[in-house]
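Participant: Residue numbers (my numbering): 143 to 1040.
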């Protein structure tokens, strides 16, 4: 609800608005001592406060936070404001505590004691005469203080006591505090005198069962996942969070952008479409709304002012601009000059963003890399940029995330940002037969539909990671490796921490030959300073030029016990893989007799117990079999992928309709066969789209029963869009239940989202290769695949690329992932059935994700295909057993719980 009234014993105690901040009511005179007392609260779903709570999230009504009674002595401290900063040298602590005292009829003593664990650091006290309410300030210096940062969350306990004239404690209030200074220094956001980088996320308070009521266990799980995934900051989008969240951020180390519960989204939109009417349309300009804006900001400041984790006050989100925000900023700065103020007020990239002079940082949303660079290079733009939202993680998304951070590290003025967002805001729903799935936003209300706006998190609602979280963990690592020299083994270690050296981490390396470890070792202890760089030498063994072998070395940084809060010893914080050497494989002699037979319906090639049968009507593989067991069918040219959320919303799908039609319908122009020195060659020639393109597939069966497959796409019209993929689509029998591959893994990868997946030897159940996205969409793709095997029941099929390819094996028909009518297709509909899908591609678009609703969210040009002749080539080969290297492969599945 947006407002509520409170009654005690039938008497109204008060009324309040702002559903995300507490209100206090003095009910002393309404209580009946020694008797049952009835507290009644009426929650109003709608009020004038609703116009300021127009956020994009679940709008549910009820009581989301705690309701409690507290009793305090008459001569008590009603408030504490602890100022805990550093001196100008950033060495000693400067402590000042404002104690707001109630009116007193007798003198009292106010005492503050600073504790470091059980050790008393200092004690200060002051005597206060009887009189009216007043503020008493106690100050002290703390030499050699242990400063607080998100990397070093050092906390002290400040105990503030009020004592009577006999020295008896009337009231004792403990407050955990951290000493730190926040400022703009040399044009950059600095903590304790040093510039910081914000590796942040936006976090809505959401639980799949309790909506906005968040348990302590859920909060701790969020922080645990953030720490393990190299996230150091949170924006409380778009309202102040539950109070416990800030205490946990203080304790475990997270920077917080604390955001006021102000969003008048609709009025912002109206005015942005008609800028000349902005002063008339946006309520930030309306004096009648001034107090509503200022009070929401100041109530947040008053509640959270003693938390060292809070380094920014945000005035709200997508609520336009105007004098009301300027006055709110001035009031916050006057009350608390120790923190920075952030606010954009504009919407997303439908309009140009302009900075606000009354805030300290430029915090746009969804500025692309080009805009980021423009800002960084423009000398007239003096505010540091920290994007309040970027990299919109809707569905299968997160493309080009590394490109963002390569750019951020190039320019001092770019100081990071907050990913949108932390968790899919979906709810548990159940089918009629009791199967659970993620319900989307359109399943509630009078007009159920397929709104997936809430499915844009790094995690699923139950905090199971989405695959793009692995990419975030890799890219945001504060320990990075580069400039590897294969000849000497030298590698550069970069410490991107802002405050700590690398003494809290162990380093090791592993050398692999074709995905199998052949050597490993530990590196000497490193103490590389914060933001420092150091070269180390990997003691690699001499590597022979072994035909068909390629070598990769992986270097890892692992946390020591206690080095990273909530992270176990040995947890990999950062890693990198480098190519060492590769020697081409020699040509394989594939001798043996190959026979060719033809009937009115099909052409069949046979060798070494294997048969390849091509249907004369369709040109498709009727069966590729070994000893009578069919291993593959199909071979359909494939130019279309199951629509991701981004594909649908940024226009790829509508653009790709011609290629979808050409995937589904082809005209067989010719089918020929002949014997060659290599075996038997069968050529299938397709016309696509009434002369729009041509696709020719050549199958060559060798004497050992293997089949070389080469597909060639030739576009014939210049007005075609580039296809979203180019490849071939096969099916395999359900008896093949295991997939093994040598390429990037263990999770799914795309050309713009793969740095988190090392090249290796991976093995898993085919039924576990698809990720359970909130709405079914393309999933399971694997890039840089040298070879892939499907096996089961003592038999298998191996696919080896002419060059590294993209491959995908799914335990259901690929069409199951195609988009359906809104609300008609859920994750529970994606279950193993029918034949196994095997997709082999030489090209495919990335997933994109700068945004999800316009052209900016398209994959970057370098991650798209081109309209040009394209070849996909590989070899199909039967084998016996359960995988040729099953004992050496590492386990793989679409989603690993962290």
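For every residue, glycine included, the Cβ atom is placed at its ideal position computed from N, Cα and C. All figures in this text were calculated on a predicted structure; none of them were measured in a lab.
#1: With residue 407 as the anchor, note down where its alpha helix (DSSP H) starts and where it stops.
#2: Looking at the secondary structure, which residues open and close the alpha helix (DSSP H) in which residue 399 lies?
#3: In whole angstroms, what is the alpha-carbon distance linking residue 491 and residue 947?
#4: Got a sec, what are the start and stop residues for the alpha helix (DSSP H) residue 1041 sits in?
#5: Leaving out five residues before and five after residue 518 in sequence, what residues of the same chain have Cβ atoms less than 6 Å from its Cβ?
#6: Closest to residue 477 by C-alpha separation, out of 224, 372 and 266, would be which residue?
#7: Skipping 5 residues on each side, what residues in its chain have a beta carbon closer than 6 Å to that of residue 160?
#8: Just the Cα atoms here: how many angstroms apart are residue 152 and residue 248?
#9: Between which residues of its own chain and residue 178 is the CB-CB distance below 7 Å, once the five residues before and five after are set aside?
#10: At what residue ranges does the segment 906-986 contain a whole run of the beta strand (DSSP E), taking only runs of 3 or more?
#11: Sorted by chain position, which residues of the same chain lie with C-beta nearer than 6 Å to residue 381's C-beta, five sequence neighbours on each side aside?
#12: Tell me the residue span of the beta strand (DSSP E) that contains residue 788.
#13: My output table needs one value for residue 591: the three-state DSSP class, helix, strand or coil.
#14: Assuming the contact rule is C-beta atoms closer than 8 Å, residue 626 and residue 635 should be a hit. Round their C-beta distance to whole Å, please.
#15: With a threshold of 16 other CB atoms inside 10 Å of the CB of residue 756, please say whether the residue is buried or exposed.
#16: Please give me, in chain order, every unbroken run of the beta strand (DSSP E) with length at least 3 that falls completely inside the segment 798-830.
#17: Pair every Cβ in the segment 862-870 with every Cβ in the segment 1007-1015, then say whether three or more of these pairs are closer than 8 Å.
#18: Could you tell me the distance, in whole angstroms, from the CA atom of residue 536 to the CA atom of residue 992?
#19: For residue 857, is the classification buried or exposed, using 16 other Cβ atoms within 10 angstroms of its Cβ as the cut-off for buried?
#20: Once the 5 residues before and after residue 745 are set aside, which same chain residues still bring their CB inside 8 Å of it?
#21: Would you grab the beta carbon distance between residue 1009 and residue 862 for me? Rounded to a whole angstrom, and I think it's under 8 Å.
#22: Going by CA-CA distance only, name the one from 266, 149 and 907 that's closest to residue 1025.
#23: Using the three-state DSSP reduction, which class does residue 749 fall into: helix, strand or coil?
#24: Just to confirm, is the Cβ distance from residue 379 to residue 393 under 8 Å?
#25: Please classify residue 719: is it buried, with 16 or more other beta-carbons within 10 angstroms of its beta-carbon, or exposed?
#26: Check for me: the beta strand (DSSP E) holding residue 144 runs from which residue to which?
#27: Can you give me the Cβ contacts of residue 366 inside the same chain, cut-off strictly under 6 Å, excluding the 5 residues immediately before and after it?
#28: Hey, how far is the Cα of residue 921 from the Cα of residue 911?
#29: For residue 1003, which of helix, strand or coil comes out of DSSP?
#30: Go through the segment 658-746 residue by residue and report every complete run of the beta strand (DSSP E) that reaches 3 residues or more, in order.
#31: Quick check on the burial criterion: 16 or more other C-beta atoms within 10 angstroms. Buried or exposed for residue 262?
#32: CB residue 1102 to CB residue 598, shorter than 8 Å?
#33: Where do the ends of the beta strand (DSSP E) carrying residue 557 lie?
#34: With 16 other CB atoms within 10 Å as the buried threshold, where does residue 322 fall?
#35: When the Cα of residue 800 is compared with those of 833, 817, 827 and 773, which residue comes out closest?
#36: So what's residue 899 in DSSP terms, helix, strand or just coil?
Facilitator: Looking at the coordinates:
#1: On the chain shown, residue 407 is found 265 positions in, with the first residue counted as 1. Taken as a continuous stretch (DSSP letters only), the alpha helix (DSSP H) holding residue 407 covers 407-415.
#2: Position 257 of the chain shown, counting from 1, holds the residue named residue 399. Unbroken run through residue 399 is the beta strand (DSSP E), 397-401; no alpha helix (DSSP H).
#3: Within the chain shown, residue 491 is the residue found at index 349, counting from 1. Within the chain shown, residue 947 is the residue found at index 805, counting from 1. Residue placement at residue 491 is poorly supported in this model, since its pLDDT is 48, which falls under 50; the coordinates are not used for a value here.
#4: Because the chain in this structure spans residues 143 to 1040, residue 1041 falls outside the shown range and cannot be described.
#5: Taking the first residue of the chain shown as position 1, residue 518 is located at position 376. Result list for residue 518: 553, 555 and 556, in chain order.
#6: Numbered from 1 along the chain shown, position 335 holds the residue referred to as residue 477. Taking only the C-alpha atoms, the option nearest residue 477 is 224.
#7: What you label residue 160 is simply residue 18 of the chain shown in a count that begins at 1. Taken in chain order, the residues that qualify are 403 and 438.
#8: Counting from 1 along the chain shown, the entry for residue 152 is found at position 10. Counting from 1 along the chain shown, the entry for residue 248 is found at position 106. Their backbone Cα atoms lie some 35 Å apart in a straight line.
#9: Counted from its first residue, the chain shown places residue 178 at position 36. Excluding positions up to five away in sequence, the list is empty.
#10: 924-934, 937-952 and 978-986
#11: Taking the first residue of the chain shown as position 1, residue 381 is located at position 239. Same-chain partners within the cutoff: 162 and 403.
#12: Sequence index remark: in the chain shown, residue 788 carries index 646 (1-based). Run containing residue 788: none in the beta strand (DSSP E); it sits in the alpha helix (DSSP H), 787-791.
#13: Here residue 591 refers to the residue found at position 449 when the chain shown is read from its first residue. Note on residue 591: pLDDT 49, under 50, position unreliable in the model; the coordinate value appears next. Coil at residue 591, not helix or strand.
#14: For the purposes of this step, residue 626 is identified with residue 484 of the chain shown, where counting begins at 1. For the purposes of this step, residue 635 is identified with residue 493 of the chain shown, where counting begins at 1. At roughly 11 Å, the Cβ-Cβ gap does not stay under 8 Å, so residue 626 and residue 635 are not in contact.
#15: On the chain shown, residue 756 is found 614 positions in, with the first residue counted as 1. So residue 756 counts as buried.
#16: 809-818 and 821-830
#17: yes
#18: The residue labelled residue 536 in the question sits at position 394 within the chain shown. The residue labelled residue 992 in the question sits at position 850 within the chain shown. Cα to Cα, the separation comes out at about 10 Å.
#19: As a first step, residue 857 must be located in the chain shown, where it is residue number 715. So residue 857 counts as buried.
#20: As a working mapping, residue 745 is identified with position 603 in the chain shown. Within the same chain, residue 745 has close Cβ partners 738, 739, 755, 756, 758, 813, 815 and 824.
#21: As a first step, residue 1009 must be located in the chain shown, where it is residue number 867. As a first step, residue 862 must be located in the chain shown, where it is residue number 720. 6 Å between Cβ atoms; contact.
#22: Along the chain shown, one-based indexing puts residue 1025 at 883. When only C-alpha atoms are compared, the closest one is 907.
#23: Here residue 749 refers to the residue found at position 607 when the chain shown is read from its first residue. Residue 749: strand per DSSP, three-state reduction.
#24: Looking up residue 379 in the chain shown gives position 237. Looking up residue 393 in the chain shown gives position 251. Cβ atoms of residue 379 and residue 393: not closer than 8 Å.
#25: By 1-based counting over the chain shown, the position of residue 719 is 577. Buried is the call here.
#26: For the purposes of this step, residue 144 is identified with residue 2 of the chain shown, where counting begins at 1. Where residue 144 is concerned, there is no enclosing beta strand (DSSP E), given that its DSSP letter is neither H nor E.
#27: Sequence index remark: in the chain shown, residue 366 carries index 224 (1-based). Contacts found: 708.
#28: Numbered from its first residue, the chain shown carries residue 921 at position 779. Numbered from its first residue, the chain shown carries residue 911 at position 769. Each residue's Cα considered, the two are about 8 Å apart.
#29: As a first step, residue 1003 is located in the chain shown; it is residue number 861 there, counting from the start. DSSP places residue 1003 in helix when its eight states are reduced to three.
#30: 658-664, 675-679, 692-701, 714-724 and 737-740
#31: Counting from one through the chain shown, the residue named residue 262 turns up at place 120. Result: exposed.
#32: There is simply no residue 1102 to check, as the chain begins at 143 and stops at 1040 in what is shown.
#33: As a position in the chain shown, residue 557 is number 415, starting the count at 1. Segment 556-562, the beta strand (DSSP E) holding residue 557.
#34: Position 180 of the chain shown holds residue 322. Classification of residue 322: buried, given that the 10 Å Cβ count is 16 or more.
#35: What you label residue 800 is simply residue 658 of the chain shown in a count that begins at 1. The shortest Cα separation from residue 800 among 833, 817, 827 and 773 belongs to 833.
#36: Position 757 of the chain shown holds residue 899. DSSP places residue 899 in coil when its eight states are reduced to three.
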